[in-house]
Amino acid sequence: TRHSPEGIHFKHRAEEVGWKQAVRERDDGSYDWTANEPFDDNES
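Position one of the sequence shown corresponds to residue 3 (my numbering), numbered consecutively onward.
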């Protein structure tokens, strides 16, 4: 849903890194759209 906070974060991320990278991050779960930051690889 594009008007949710997550949708707005996705739009901004796509503007920042390009839509292909943003979609890749969305699909592989490497980005936290709620917190608007990448997941830390060191977290368990």
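The beta carbon of each residue, even a glycine, is placed where N, CA and C say it ideally should be. Remember, predicted model here, so these are calculated numbers, not experimental data.
CA-to-CA distance, residue j to residue i, given in whole angstroms
i	j	result
arginine 4	histidine 14	11 Å
alanine 16	aspartate 34	14 Å
proline 7	serine 32	17 Å
glutamate 18	aspartate 43	21 Å
Range of the contiguous alpha helix (DSSP H) that encloses residue i
i	result
aspartate 29	21-30
Assigned exposure category for residue i - 16 Cβ within 10 Å defines buried
i	result
valine 41	Inspection of the sequence shows that residue 41 is occupied by phenylalanine rather than by valine. It counts as exposed.
glutamate 27	buried
alanine 37	exposed
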